[in-house]
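Participant: Below is the structure I would like to discuss, written out as structure tokens.
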Amino acid sequence: MRSECEDQKILRNAPKPQKGAFFFVFMRCDSIIKIIEDWAPKSIAWEKDNVGLQVGSLQREVTNILLCLDVNEDVVNEAIKLKCNLIISHHPLLFKPLKKIDVGKDQHSKLVEKLIKKDITVFSAHTNLDFTKDGVSFQLAKKLGLKNQKFLLNLSSNQYKISVFVPVKFADKVANAMHEAGAGIIGEYSNCSFRTTGIGTFKGSEKSNPKVGLKNKLETVEEIKIEVLANSFDTDKIITAMKKAHPYEEAAYDVYVLANKDVNHGMGVIGNLEKELSDKQFLNLVSKSLKIKNFRFARGSKAKINKVAVCGGSGSDLLDTAIKSGADAFVTADVKYHTFQDAEKKILLIDAGHYETEIHSLDEIKNKIEKSISEKIKVFKYKGSTNPIVFYNK
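Residues in the sequence shown are numbered from 1 upward in steps of one, following our numbering.
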């Protein structure tokens, strides 16, 4: 069985297909999933969410891939028709624990049985896709043409600071290893660190094997203290990379839990329209951009709309944040009656629909996967709609 690294090596070294030549490049499901989770890490998902593998095996060789918002029988039938053995959905197929698999009566159980019999793997990226940069809310903001996009509410307390003490001549080697493992990313900047020089002291025991100096002798070495920011879910990987690159038998380092706002992950998006619109013009923009004819809204306090907050899916809990941020309008879904009351005459609150505000994220998933795989593997978006909500028109 090949490793994930071997899959990537095959892709990098694979020749370009020539006319009349046979061209086979294989990738396993876990290599595809790594593309998704490098962008939307599983660890930033809501703790009660069931993201990740739903059904099947991640060691399966991928034929084709089907993307969808929800997994239902029609989606599975299309996957079979298109020879897709990997389905990537936004909403988890299995959210609540199944107490039994009853294929005689339960439709959910029948679907699981069909997936297993057809050797189809199902993977879901849900709230981790909601909370990541360029994820669900960013794609909604993009559809509305918002500029200067940033998170409406940044996550917090999910970052660490790692400090390590390194001999001067090994500083770059150790820092580079940590950066390659994911350390030092702040917004649009990578390889961020702070370095200070000082004197380190140590005395090895008889059992030690010092890289610098002698056993049983107090040594003083000019060292550099390297400080980097790290996501909590990357910390172990970064420390492992640091130790591997570090020259000392025992590396001295510190890990601090931070209360900082995380600029790399958050909820919702806020940005500006390219030009100011009237409230009626903005409502028309929402209708046209999201291709919806019916939606609910509560009128705000401003006749002109410029600063706009959005949150794909159920984001009405961010209403107060949107108001405090100075947004003229807030576009989200699943808004309750009393939330509309809270927004009235304060902010233009639009419930544009759960499906309608999330479906556009599939385009970015498709884009990211296609950049990293062989043309031999096709990535499809489900052609139908999995939206269970319909509007009655008399």
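Every residue gets a Cβ at the ideal spot worked out from N, C-alpha and C, and that includes glycine.
Which residue spans inside the region 46-115 form an unbroken alpha helix (DSSP H) run of at least 4?
Facilitator: Counting whole runs of 4 or more residues, the region 46-115 contains the alpha helix (DSSP H) stretches 73-81.
Participant: Enumerate in chain order the residues of its own chain whose CB-to-CB distance from residue 251 is below 7 Å, with the five nearest sequence positions on each side excluded.
Facilitator: Excluding sequence neighbours, residue 251 sits near 164, 242 and 243.
Participant: I need the straight-line Cα distance from residue 377 to residue 340, nearest angstrom please.
Facilitator: Between residue 377 and residue 340, the C-alpha separation is close to 46 Å.
Participant: Which residue comes first and which comes last in the beta strand (DSSP E) that contains residue 350?
Facilitator: Here the beta strand (DSSP E) through residue 350 covers 348-351.
Participant: Can you tell me which of 202, 71, 112 and 35 puts its alpha carbon nearest to the alpha carbon of residue 382?
Facilitator: Closest by alpha carbon: 71.
Participant: In angstroms, rounded to a whole number, what distance separates the CA positions of residue 201 and residue 221?
Facilitator: Going by the C-alpha atoms only, they are around 6 Å apart.
Participant: For the region 124-137 and the region 229-239, state whether three or more C-beta atom pairs, one from each stretch, are separated by less than 8 Å.
Facilitator: Touching, no, given that fewer than three Cβ pairs across the two stretches are closer than 8 Å.
Participant: Counting Cβ pairs closer than 8 Å, one from the region 153-160 and one from the region 258-265, do we hit at least three?
Facilitator: Enough Cβ pairs lie closer than 8 Å, so yes.
Participant: Please confirm whether residue 360 and residue 143 have their CB atoms less than 7 Å apart.
Facilitator: Yes, the Cβ-Cβ distance between residue 360 and residue 143 is below 7 Å.
Participant: The alpha helix (DSSP H) spanning residue 356 covers which residue range?
Facilitator: Start and end: 354-358.
Participant: By the DSSP assignment, the alpha helix (DSSP H) with residue 339 in it spans what residues?
Facilitator: Here the alpha helix (DSSP H) through residue 339 covers 337-343.
Participant: Roughly how many whole angstroms lie between the Cα atoms of residue 369 and residue 379?
Facilitator: Their backbone Cα atoms lie some 8 Å apart in a straight line.
Participant: For residue 169, which option in 105, 226, 186 and 289 has the closest C-alpha, if you only look at C-alpha atoms?
Facilitator: Ranking the options by Cα distance to residue 169, first place goes to 226.
Participant: Compute the beta-carbon to beta-carbon distance between residue 305 and residue 277, rounded to the nearest angstrom, for a pair I have assumed lies under 8 Å.
Facilitator: Contact holds; Cβ gap of about 5 Å.
Participant: Taking just the CA atoms, how far does residue 187 sit from residue 387?
Facilitator: If I take the Cα positions, the gap works out to 34 Å.
Participant: So, are the CB atoms of residue 266 and residue 318 less than 7 Å apart?
Facilitator: Contact flag unset, no.
Participant: In angstroms, rounded to a whole number, what distance separates the CA positions of residue 34 and residue 40?
Facilitator: One C-alpha to the other measures close to 9 Å.
Participant: Mapping the DSSP letters down to three states, classify residue 119 as helix, strand or coil.
Facilitator: DSSP places residue 119 in coil when its eight states are reduced to three.
Participant: In this structure, how does DSSP classify residue 308 when only helix, strand and coil are distinguished?
Facilitator: Of the three classes helix, strand and coil, the one that applies to residue 308 here is strand, per DSSP.
Participant: Kindly list the residues whose CB is nearer than 7 Å to the CB of residue 110, restricted to its own chain and excluding five residues on each side of it in sequence; keep chain order.
Facilitator: Only 103 meet the Cβ criterion.
Participant: Does the Cβ of residue 303 have 16 or more other Cβ atoms within 10 Å, making it buried, or fewer, making it exposed?
Facilitator: So residue 303 counts as exposed.
Participant: Using the beta-carbon count (16 or more within 10 Å), is residue 75 buried or exposed?
Facilitator: Answer is buried; the Cβ neighbour count reaches 16.
Participant: Could you check the C-alpha separation between residue 63 and residue 363 for me, to the nearest Å?
Facilitator: Approximately 20 Å between the Cα atoms of the pair.
Participant: Output yes if chain B places a C-beta closer than 7 Å to the C-beta of residue 326; else output no.
Facilitator: The structure shown contains no chain B, having only a single protein chain.
Participant: If you check the beta carbons only, do residue 120 and residue 79 fall under 7 Å apart?
Facilitator: Their beta carbons are under 7 Å apart, which means residue 120 touches residue 79 by this criterion.
Participant: For residue 45, which residues of its own chain have a beta-carbon under 6 Å away from its beta-carbon, when the five flanking residues on both sides are left out?
Facilitator: Taken in chain order, the residues that qualify are 51, 127 and 128.
Participant: Among 389, 320, 326 and 298, which one has its Cα closest to the Cα of residue 345?
Facilitator: Checking every option, the nearest Cα to that of residue 345 belongs to 298.
Participant: In angstroms with no decimal places, state the Cα-to-Cα distance between residue 371 and residue 389.
Facilitator: Each residue's alpha carbon lies about 34 Å from the other.
Participant: Closer than 8 Å by C-beta to residue 394: which residues in its own chain qualify, once you throw out the five before and the five after it? Chain order, please.
Facilitator: Cβ neighbours of residue 394 beyond the five flanking positions: none.
Participant: Could you spell out where the alpha helix (DSSP H) holding residue 286 opens and where it closes?
Facilitator: Here the alpha helix (DSSP H) through residue 286 covers 279-289.
Participant: Give me, in chain order, the residues of the same chain whose beta-carbon lies closer than 8 Å to that of residue 205; leave out the 5 immediate sequence neighbours on both sides.
Facilitator: For residue 205, where only same-chain residues beyond five positions count, the Cβ hits under 8 Å are 215 and 216.
Participant: If you drop the 5 nearest sequence neighbours on each side, which residues of the same chain put their C-beta closer than 6 Å to that of residue 49?
Facilitator: Same-chain partners within the cutoff: 126 and 127.
Participant: Determine the direct distance from the alpha carbon of residue 28 to that of residue 58, and round the result to whole angstroms.
Facilitator: Residue 58 and residue 28: Cα-Cα distance of roughly 7 Å.
Participant: DSSP state of residue 218, grouped into three classes?
Facilitator: Three-state DSSP puts residue 218 in a strand.
Participant: Just curious, the beta strand (DSSP E) that residue 148 is in, first and last residue?
Facilitator: Segment 147-156, the beta strand (DSSP E) holding residue 148.
Participant: May I ask whether a heavy atom of the ligand ATP can be found less than 6 Å away from the beta carbon of residue 247?
Facilitator: In the structure on display, the ligand ATP does not appear, and there are no ligands present to speak of.
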